[in-house]
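Worksheet: the structure to be examined is printed underneath.
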Amino acid sequence: VSISGHESIMRAGRVDFGGVVKEISLALVPEADIGDYVVVHVGHALAKIDPEEARRTLELLAEAGVAAAAAS
Amino acid sequence: MRYVDEYRDGRLAGALAAAIARTVDSAAEYHFMEFCGGHTHAISRYGLEDLLPINVRMIHGPGCPVCVLPVGRIDAAIRLAKRSEVILCTYGDLMRVPGSHGMTMLRAKAAGADIRMVYSTLDAVRIAEAEPRREVVFFAIGFETTAPATAIAIRLAAAKRLTNFTVFCNHVLTPAAIQNILDSPDLRALGRVRVDGFIGPAHVSTVIGTKPYAFFAEEFEKPVVIAGFEPLDVMQAILMLIAQVNEGRHEVENQYVRAVRRDGNLKAKADVAEVFELRKSFEWRGLGVVPYSGLRLKESYAAYDAERRFGIACVPAGDNPACECGAILRGVKRPTDCKLFGTVCTPDTPMGSCMVSAEGACAAHWTYGRFRDRQRRAS
Chain Z
1 VSISGHESIM RAGRVDFGGV VKEISLALVP EADIGDYVVV HVGHALAKID
51 PEEARRTLEL LAEAGVAAAA AS
Chain U
1001 MRYVDEYRDG RLAGALAAAI ARTVDSAAEY HFMEFCGGHT HAISRYGLED
1051 LLPINVRMIH GPGCPVCVLP VGRIDAAIRL AKRSEVILCT YGDLMRVPGS
1101 HGMTMLRAKA AGADIRMVYS TLDAVRIAEA EPRREVVFFA IGFETTAPAT
1151 AIAIRLAAAK RLTNFTVFCN HVLTPAAIQN ILDSPDLRAL GRVRVDGFIG
1201 PAHVSTVIGT KPYAFFAEEF EKPVVIAGFE PLDVMQAILM LIAQVNEGRH
1251 EVENQYVRAV RRDGNLKAKA DVAEVFELRK SFEWRGLGVV PYSGLRLKES
1301 YAAYDAERRF GIACVPAGDN PACECGAILR GVKRPTDCKL FGTVCTPDTP
1351 MGSCMVSAEG ACAAHWTYGR FRDRQRRAS
């Protein structure tokens, strides 16, 4: 949502968890920027979500579903 | 919530279940261990075992940080917290873990010890800044997911030149524990545990990447599929494991591609390497003493090491003798095999650590799984 702190170790962002907004450290994910989705563990962002890979996983899941429906 | 709700779609879960049912060889048995407590929780909460064919069995692994912490370390933390100058900060899960004689941090707090629950390691640093006359000790636990957060706090305390902030380090490592299970006599000699493949942890793998698992896949010829924590992630990972077993493959595959990269999080790994080094050995509840399985602060950060500053001695202490946490953590027993389960031991009054954390196998089974047992008996 927003980012504060300039020194890398102090860098933090306000992250929206489906309505609950919390201040989260971005020290471990320096590339995270406003609008990104991140995986958060005990107050620290650990990884950025890759939207392209996320979409591909959903497609694979949908394919498995279609194949199962076709077989039954 | 985006990137969460889509992976909880019940209709797709049903379709995946059908795909799994078509893929399994009905003459074969599949025993998969989910290493991580986050998966144990997801499997119980969403009733995934009900969606699996009867010859696919999930074994709950030891990847619950609270569950594997030995009693002696809890006792040492409580002794430390009783010192009047000390403020002990820790994650909420730890508060109710029973130490010796039924003592918990929550009870010690009620008796006057200054123990504070924090959400983030940085909260503990803030307390140290606000209370310069007190000694703030952060009781650090967890796997590779929480170690970087502790490293950041130590680096921040160093940058701020805080002299009243230390860490009581109990961080442990995932690969060492997996190797211990694969090498265990339960699995190798006694044949009491059978594991045909592993579901690799989600958040841990965002940090360490996919490479550390290659050794198990090759050396022990067991497939590993790293999976996200949502129910569809787990179902897809199980489908991928079944395919590997059927085809006689044992590779590391990554289902959680939206967050896990091959090399993990280089920044996090560098922060951990800057502050921590391997211990020669570390005691785990359930697994015993595991070589090179824990972290401690490096000599260059000795000023932030609570074990050095307070000369903490950890006296080994036994669990409640009737508690089966140890065997449950090794996958040898199930929660319902324990005499204490659901009688004297419930999440309100836990006797063992597996009943404390939401990630523990006993707590997960008590909260969700036991209703299924009842249905099964009735039908």
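Protein chains in written order, with this note's numbering: chain Z, 1 to 72; chain U, 1001 to 1379. By construction, the Cβ of each residue, glycine as well, lies at the ideal position given by its N, Cα and C atoms. Every value quoted in this text rests on a predicted model; they were computed, and no experiment measured them.
Check, Outcome
"Pick from U:Tyr1304, U:Thr1346, U:Lys1269, U:Ile1242 that is closest to Val988 of chain U, judged by C-alpha positions", "It is not possible to answer for residue 988 of chain U, since the shown part of chain U is limited to 1001 through 1379."
"Among Z:Arg14, Z:Asp50, Z:Gly19, Z:His44, nearest to Ile34 of chain Z - alpha-carbon criterion", "Z:Arg14"
"Proximity test, Cβ basis, 8 Å: Lys1267 of chain U and chain Z", "yes"
"Alpha carbon of Asp1319 of chain U to alpha carbon of Leu1190 of chain U, nearest angstrom", "24 Å"
"Residues near Glu1277 of chain U in its chain [Cβ-Cβ closer than 6 Å; skip 5 each side]", "Lys1298"
"Three-way DSSP call (helix, strand, coil) for Glu60 of chain Z in this model", "Just to set this straight, residue 60 of chain Z is Leu in the shown sequence, not Glu. Leu60 of chain Z: helix per DSSP, three-state reduction."
"Backbone CA spacing between Ile1054 of chain U and Val1290 of chain U [nearest angstrom]", "34 Å"
"Cutoff 8 Å: Glu1034 of chain U Cβ touching any chain Z Cβ", "no"
"Extent of the continuous alpha helix (DSSP H) to which Lys1109 of chain U belongs", "1105-1110"
"Within-8 Å CB hit, Leu1232 of chain U to chain Z", "yes"
"Assigned exposure category for Gly1102 of chain U - 16 Cβ within 10 Å defines buried", "exposed"
"Tyr1091 of chain U: contacting residues in chain Z (beta-carbon distance under 8 Å)", "Val42"
"Proximal residues to Pro30 of chain Z (C-beta, below 8 Å), its chain only, five neighbours per side dropped", "Ser8, Arg11"
"At least three beta-carbon pairs within less than 8 Å, the region 1300-1310 of chain U to the region 1157-1166 of chain U", "yes"
"Reference Asn1246 of chain U, options U:Val1125, U:Cys1362, U:Ala1028, U:Ala1237, closest by Cα", "U:Ala1028"
"Where Ala1128 of chain U meets chain Z, residues with beta-carbon distance less than 9 Å", "In chain order: nothing, as chain Z lies at least about 15 Å away."
"Close Cβ partners of Leu28 of chain Z (< 8 Å) along its chain, the five nearest in sequence each way excluded", "His44, Ala45, Leu46"
"Asp83 of chain Z: contacting residues in chain U (beta-carbon distance under 9 Å)", "Only positions 1 to 72 of chain Z appear in the structure, and residue 83 of chain Z is not among them; the question remains open."
"Terminal residues of the alpha helix (DSSP H) in which Met1235 of chain U lies", "1231-1246"
"Neighbour flag for Asp50 of chain Z against chain U, beta carbons, 8 Å", "yes"
"contact_flag[the region 1347-1367 of chain U, the region 1060-1078 of chain U] where n(CB pairs < 8 Å) is 3 or more", "yes"
"C-beta atoms of Thr1121 of chain U and Val39 of chain Z nearer than 8 Å", "no"
"DSSP-derived helix/strand/coil call for Glu1253 of chain U", "strand"
"DSSP-derived helix/strand/coil call for Pro1185 of chain U", "helix"
"Where Gly1197 of chain U falls, given that 16 or more other Cβ within 10 Å makes a residue buried", "buried"
"As assigned by DSSP and simplified to three states, the class of Asn1180 of chain U", "helix"
"9 Å Cβ cut-off: residues of chain U touching Ala62 of chain Z", "Leu1012, Ala1015"
"Chain-ordered neighbours of Glu53 of chain Z on chain U, where CB pairs are closer than 7 Å", "Val1257, Arg1258"
"Straight-line Cα distance separating Asp1233 of chain U from Asp1050 of chain U", "16 Å"
"Buried/exposed call for Ser1026 of chain U, threshold 16 Cβ in 10 Å", "exposed"
"Counted within 10 angstroms of its Cβ, other Cβ atoms place Tyr1256 of chain U as buried (16 or more) or exposed", "buried"
"Length at least 4, wholly inside the region 1274-1347 of chain U: the alpha helix (DSSP H) runs in chain order", "1306-1309, 1325-1329"
"CB contact below 8 Å: Ala27 of chain Z versus chain U", "yes"
"Close-in-space but distant-in-sequence residues of the same chain around Arg1279 of chain U (CB under 6 Å, 5 per side omitted)", "Gly1294, Arg1296"
"8 Å contact criterion, which Ile1199 of chain U and Phe1035 of chain U should meet: CB distance rounded", "7 Å"
"Cα-Cα separation, Phe1215 of chain U to Asp1263 of chain U", "15 Å"
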